[in-house]
Each structure stands twice: as C-alpha cells, then as structure tokens.
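S.K.: I have a structure here, written as structure tokens, and I will follow up with some questions on it.
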C-alpha cells in the first residue's frame, strides 16, 4: 500500500509538471531587442551587442553610471518598498507582519525622529566617551560589530578561500578612513579642499547636536 501510494504521488506530480511544462515561458538569454543590429559587430561590437538596451536606459541625472544590475536593484527596492508599505497599513494580526509594519513606520516618522534628537543613541555615545583603556576599546569594537552599528578598525566577512575555493573562510581586512582614501585628506587641489571643508562642517554640526 505504501509503495502504491508513493507511485500515485509521483504520478500526480509528474502529470502536473508535464501539464505546465509546454506553457512555461522561457527566459530570453539573448534578447535581440537589446542589440543594435544596424551596427556591424566588427565596427563596434559593444554598440552592436548593447545598443538597443542603451537607447532604452539612459543614465539618470542623479547617477554617474547605469547598468542592468542597477535596474534590478531599483526594481527590487521598489518591490520591497511596496511590501513594507503594505505591512505598515495592514490590519493583520500576525506578529511578523505587525513587527515589520511598526519598524517601517518608525523609520518613516521623521517628525518623531527629529523630536527625539540623539536621545536614542546617547547610551552608545556615553559608553564611547567613557573608554579609558585598550581592553575597553576591544570590548566596544566587538559590541558595535555585534549590533551591526559599525565596523571600526577592520572589516570581517565570509567568502570563498582564495587558496581552496571549495570552502568558505572568515576573512579580515584593514579598516578605512571616513573619506574614501588618504588622498582626500592630503591633496591640495580645489576639489579636495572643498570636500574636506564640507566634511569638517558636517563633523562640527554632528558634535554640536550632541552638545
């Protein structure tokens, strides 16, 4: 009986698969609409292969570059936003939807955020101000990383081992500076000077806000 039941189940699944397979929409691995076949590939292969897509996807004014992964990221962000907004407006009683909705509403309530000022992070700042020795620095670095607040001094992530790609290992990397690299602090050209001034002004405002 057990064998017969399994046979019936497998048959039902197979029937379903066969029933849906012919109507399944196959993805286009190469979409001719994204090509520019008016250009000879020997003259400009990039334009030939991508011209159609480039024509339909101009670089947005607020961006310095644009590509298919940017489009995917934007679409994913829009879908995620829709899900969050739906959860925020939902009257569902399940705990997960309620938590997600509450979290999203709290992040979007700019008036409440401004009213509270830096009060929510004051305990963190007070603890930083109270550090007096190396051991406390180590403990604080661990605390910040564990909470996902920051990654001071070094970065840490899991990735494939470069010497053995069949396994993953924990990898460490040296921490950076607040500005992208040392040249932002040392170069004397007008652009670098403007960036440094804006950065100093920002720091001064942040320190003024916390007293």
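Numbering (my numbering), first residue to last: 175 to 385.
Ideal Cβ placement from N, Cα and C applies to all residues, glycine included.
Keep in mind that this is a model prediction, so the values were computed, not measured.
In this structure, does DSSP put residue 293 in helix, strand or coil?
M.R.: As a working mapping, residue 293 is identified with position 119 in the chain shown. Three-state result, residue 293: helix.
S.K.: Given this structure, state the Cα-to-Cα distance separating residue 311 from residue 304, to the nearest angstrom.
M.R.: The residue given as residue 311 occupies position 137 in the chain shown. The residue given as residue 304 occupies position 130 in the chain shown. Straight-line Cα distance between these residues: approximately 10 angstroms.
S.K.: With H, G and I counted as helix, E and B as strand and the rest as coil, what does DSSP make of residue 203?
M.R.: Locating residue 203 in the chain shown gives position 29, counting from the first residue. Coil at residue 203, not helix or strand.
S.K.: Mind checking which residues open and close the alpha helix (DSSP H) that includes residue 375?
M.R.: Indexing the chain shown from 1 puts residue 375 at position 201. Note, residue 375: alpha helix (DSSP H), 364-383.
S.K.: Report buried or exposed for residue 236, applying the criterion of at least 16 other Cβ atoms within 10 angstroms of its Cβ.
M.R.: Sequence index remark: in the chain shown, residue 236 carries index 62 (1-based). Counting Cβ neighbours within 10 Å, residue 236 comes out exposed, since fewer than 16 surround it.
S.K.: Return the first residue and the last residue of the alpha helix (DSSP H) that residue 310 is part of.
M.R.: As a first step, residue 310 must be located in the chain shown, where it is residue number 136. Unbroken alpha helix (DSSP H) run through residue 310: 308-321.
S.K.: Does the separation of the CB atoms of residue 332 and residue 315 fall below 8 angstroms?
M.R.: If you number the chain shown from 1, residue 332 lands on position 158. If you number the chain shown from 1, residue 315 lands on position 141. Going by C-beta atoms, residue 332 is not nearer than 8 angstroms to residue 315.
S.K.: Can you tell me whether residue 261 is buried or exposed? The criterion is at least 16 other CB atoms within 10 Å of its CB, across all chains shown.
M.R.: The count along the chain shown starts at 1 and reaches residue 261 at position 87. Classification for residue 261: buried.
S.K.: In whole angstroms, give me the CA-to-CA distance for residue 282 and residue 290.
M.R.: Along the chain shown, one-based indexing puts residue 282 at 108. Along the chain shown, one-based indexing puts residue 290 at 116. Cα to Cα, the separation comes out at about 14 angstroms.
S.K.: Drop a sphere of 10 angstroms on the beta-carbon of residue 329, count the other beta-carbons inside from all chains shown, and report buried for 16 or more, exposed for fewer.
M.R.: Translated into the one-based positions of the chain shown, residue 329 becomes position 155. By the 10 Å Cβ count, residue 329 comes out exposed.
S.K.: Run through DSSP, which three-state label would residue 346 get?
M.R.: One-based indexing of the chain shown puts residue 346 at position 172. It is a strand residue.
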